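K.L.:
Going down the list, the protein sequences come from chains A and B.
Per this note's numbering, the first sequence starts with residue 59, numbered consecutively.
Per this note's numbering, the second sequence starts with residue 51, numbered consecutively.
Ideal placement from N, C-alpha and C gives every residue a C-beta, glycine not left out.
In this text the structure is predicted, and so the values were computed from the model without any measurement.
Below you'll find the structure I mean.
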Amino acid sequence: RIIQNEIETFFQFK
Amino acid sequence: MFECALIQGELFRKLIASVQDLVQDGNFMCDANGISLQGMDSSHVALVALALKKEGFVEYRCDRDVTLGINFANLAKMLKCMGAKDRLSIRAQDEGDSASFVFESEDSSRVSNFELKLMQIDQEQLGVPETQYKAVIRMPSSEFQRICKDLSAIGDTVSISVTKEAVKFSVGGDIGSGDMSLRQSESGDVDGDDSEKVMIELEEPVQQNFALRYLNNFTKATALSKTVTLSLGTDMPLVTEYKMDNLGSIRYYLAPKIDE
Numbered sequence: 059r060i061i062q063n064e065i066e067t068f069f070q071f072k
Numbered sequence: 051m052f053e054c055a056l057i058q059g060e061l062f063r064k065l066i067a068s069v070q071d072l073v074q075d076g077n078f079m080c081d082a083n084g085i086s087l088q089g090m091d092s093s094h095v096a097l098v099a100l101a102l103k104k105e106g107f108v109e110y111r112c113d114r115d116v117t118l119g120i121n122f123a124n125l126a127k128m129l130k131c132m133g134a135k136d137r138l139s140i141r142a143q144d145e146g147d148s149a150s151f152v153f154e155s156e157d158s159s160r161v162s163n164f165e166l167k168l169m170q171i172d173q174e175q176l177g178v179p180e181t182q183y184k185a186v187i188r189m190p191s192s193e194f195q196r197i198c199k200d201l202s203a204i205g206d207t208v209s210i211s212v213t214k215e216a217v218k219f220s221v222g223g224d225i226g227s228g229d230m231s232l233r234q235s236e237s238g239d240v241d242g243d244d245s246e247k248v249m250i251e252l253e254e255p256v257q258q259n260f261a262l263r264y265l266n267n268f269t270k271a272t273a274l275s276k277t278v279t280l281s282l283g284t285d286m287p288l289v290t291e292y293k294m295d296n297l298g299s300i301r302y303y304l305a306p307k308i309d310e
């Protein structure tokens, strides 16, 4: 199953 | 007081056109060094980061940091009134609720004044860590635009795989599958300027899957730069970057589609 990640998974809020 | 001016106002119009379909509105953060903007698309899968340096402006003055909350579609309506060769000036008071945009033709025979109402946008900024990528590809931006457009007719997800010889874009869908490979240009090539070459810097081979509809959105920035740089890492967002000489760059980050 291929899932589309969200960008927040990779970058933290400042 | 914040004010800046660009001889080629057209560049700014192209910049707004490059972000307005991905992000509805955003904050232009203006400080002594330049202007930055960051925004996510509504599904939070893509992030665009604009970084404009004061050196790229013919005039730049920013006494105190200013945040201009802008709706890009509204700004685009005003920029549409600018002549292709007009000079653009932007001015905003420190605590103002509007920003002024002035377009002036080369011979100053036509001057247009627009006042755009500013918005209060509470937008958290995402920290993008400095990253060591497995592969960095530089290629003609028109070539990348064409590949994304043509392959999206066959499938909605593109696999990008990079070796030291070539970068391969593959898709599959109901009608079948296909792939397009670009070989690394011979370094000895003397003909043609650098912007026509495909250059690959490889730490190690890498392959990732991305949704083509976002890549097609990113290629709206093709008019800003003859080349585009793609940076890939394993299970990391793809970075698609268009550099604009000494004005700065626009970077798009796209989260990968990962096999669970």
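#1: So B/LEU297 and B/LEU138 are supposed to be a Cβ contact under 8 angstroms. How far apart are they, rounded?
#2: Does the separation of the CB atoms of B/LYS64 and B/LEU274 fall below 8 angstroms?
#3: I want to verify the contact list: residues of chain A whose CB lies under 8 angstroms from the CB of B/ALA305, in sequence order.
#4: Within its chain, find whatever has a CB closer than 6 angstroms to the CB of B/ASP229; leave out the 5 residues flanking it on each side and keep chain order.
#5: What is the rounded straight-line gap between the Cα of A/LYS72 and the Cα of B/LEU176?
#6: Can you pull the chain A residues whose beta carbon is under 9 angstroms from the beta carbon of B/ALA261, in chain order?
#7: What residue does the alpha helix (DSSP H) around B/TYR183 start on, and which one ends it?
#8: For B/SER93, name the three-state secondary structure that DSSP assigns.
#9: May I ask you to report which of helix, strand or coil DSSP gives B/VAL73?
#10: Using three-state DSSP, classify B/ASN259 as helix, strand or coil.
#11: Distance cutoff 8 angstroms, beta carbons only. Does B/GLY133 sit that close to anything in chain A?
#12: Could you please give the first and the last residue of the uninterrupted alpha helix (DSSP H) stretch that includes B/ASN124?
#13: Compare the C-beta of B/ALA273 with all C-beta atoms of chain A and state if any pair is closer than 8 angstroms.
#14: With a 10 Å radius around its C-beta and 16 neighbouring C-beta atoms as the bar for buried, classify B/ILE88 as buried or exposed.
#15: How far does the beta strand (DSSP E) with A/GLN62 in it extend, from its first residue to its last?
#16: I think B/ALA82 touches B/LEU118, with their Cβ atoms under 8 angstroms apart; what is that distance to the nearest whole Å?
#17: Assign B/MET51 to one of two classes, buried (16 or more other C-beta atoms within 10 Å of its C-beta) or exposed (fewer than that).
#18: With DSSP run on the structure shown, which of helix, strand or coil describes B/ILE250?
#19: Is there a Cβ from chain A that is less than 8 angstroms from the Cβ of B/ASP81?
#20: For B/MET169 versus B/ASP295, is the C-beta distance shorter than 8 angstroms?
#21: Considering only C-alpha positions, which residue in the set B/SER299, B/LEU265, B/ASN259 and B/GLU291 is nearest to A/ARG59?
#22: My understanding is that B/MET286 touches A/PHE69, with C-beta atoms under 8 angstroms, so please give their C-beta distance in whole angstroms.
P.N.:
In short:
#1: For the purposes of this step, residue 297 of chain B is taken as the residue at position 247 of the second sequence. For the purposes of this step, residue 138 of chain B is taken as the residue at position 88 of the second sequence. About 12 angstroms; that fails the 8 angstroms criterion.
#2: For the purposes of this step, residue 64 of chain B is taken as residue 14 along the second sequence, with counting starting at 1. For the purposes of this step, residue 274 of chain B is taken as residue 224 along the second sequence, with counting starting at 1. Yes, the pair counts as a contact, with Cβ atoms nearer than the cut-off.
#3: Residue 305 of chain B sits at position 255 when you count from the first residue of the second sequence. Correct list: GLN62, ASN63, GLU64, ILE65, THR67 and PHE68.
#4: Reading the second sequence from its first residue, position 179 is the one you call residue 229 of chain B. Excluding positions up to five away in sequence, the list reads LYS218 and SER220.
#5: Position 14 of the first sequence, counted from the start, is the residue given in the question as residue 72 of chain A. Position 126 of the second sequence, counted from the start, is the residue given in the question as residue 176 of chain B. In a straight line, the C-alpha of A/LYS72 is about 6 angstroms away from that of B/LEU176.
#6: As a working note, residue 261 of chain B is residue 211 in the second sequence. For B/ALA261, the neighbours in chain A by C-beta distance under 9 angstroms run, in chain order, GLN62.
#7: Indexing the second sequence from 1 puts residue 183 of chain B at position 133. Unbroken run through B/TYR183: none, as it is neither H nor E.
#8: Here residue 93 of chain B refers to the residue found at position 43 when the second sequence is read from its first residue. Residue state for B/SER93 is assigned as coil, using DSSP reduced to three classes.
#9: Working through the second sequence from its first residue, we reach residue 73 of chain B at position 23. Note: B/VAL73 maps to coil in three-state DSSP.
#10: Counting from 1 along the second sequence, the entry for residue 259 of chain B is found at position 209. When DSSP states are grouped into helix, strand and coil, B/ASN259 belongs to the strand group.
#11: Taking the first residue of the second sequence as position 1, residue 133 of chain B is located at position 83. No, B/GLY133 does not count as interfacial toward chain A.
#12: Within the second sequence, the letter at position 74 stands for residue 124 of chain B. Unbroken alpha helix (DSSP H) run through B/ASN124: 122-129.
#13: The residue you call residue 273 of chain B lines up with position 223 of the second sequence. Taking Cβ atoms only, chain A never reaches closer than 8 angstroms to B/ALA273, which makes this a no.
#14: Position 38 of the second sequence, counting from 1, holds the residue named residue 88 of chain B. Per the sequence presented here, residue 88 of chain B reads as Gln, with Ile not at that position. Buried.
#15: In the first sequence, residue 62 of chain A corresponds to position 4, counting from 1. DSSP places A/GLN62 in the uninterrupted beta strand (DSSP E) bounded by 60-62.
#16: Residue numbering aside, residue 82 of chain B sits at position 32 when the second sequence is read from its first letter. Residue numbering aside, residue 118 of chain B sits at position 68 when the second sequence is read from its first letter. With a Cβ gap of about 15 angstroms, B/ALA82 and B/LEU118 do not count as contacting.
#17: Start at 1 with the first residue of the second sequence, and residue 51 of chain B comes out as number 1. Within 10 angstroms of the beta-carbon of B/MET51 lie fewer than 16 other beta-carbons, which makes it exposed.
#18: In the second sequence, counting from the first residue as 1, residue 250 of chain B sits at position 200. It is a strand residue.
#19: In the second sequence, the residue the question calls residue 81 of chain B occupies position 31. Chain A, which has no Cβ nearer than 8 angstroms to the Cβ of B/ASP81, makes this no.
#20: Position 119 of the second sequence, counted from the first residue, corresponds to residue 169 of chain B. Position 245 of the second sequence, counted from the first residue, corresponds to residue 295 of chain B. At least 8 angstroms separates the beta-carbon of B/MET169 from that of B/ASP295.
#21: Counting from one through the first sequence, the residue named residue 59 of chain A turns up at place 1. Among B/SER299, B/LEU265, B/ASN259 and B/GLU291, the Cα nearest to that of A/ARG59 is on B/ASN259.
#22: To locate residue 286 of chain B, count along the second sequence from 1; it is residue 236. To locate residue 69 of chain A, count along the first sequence from 1; it is residue 11. The pair is not a contact, with the Cβ atoms about 10 angstroms apart (cut-off 8 angstroms).
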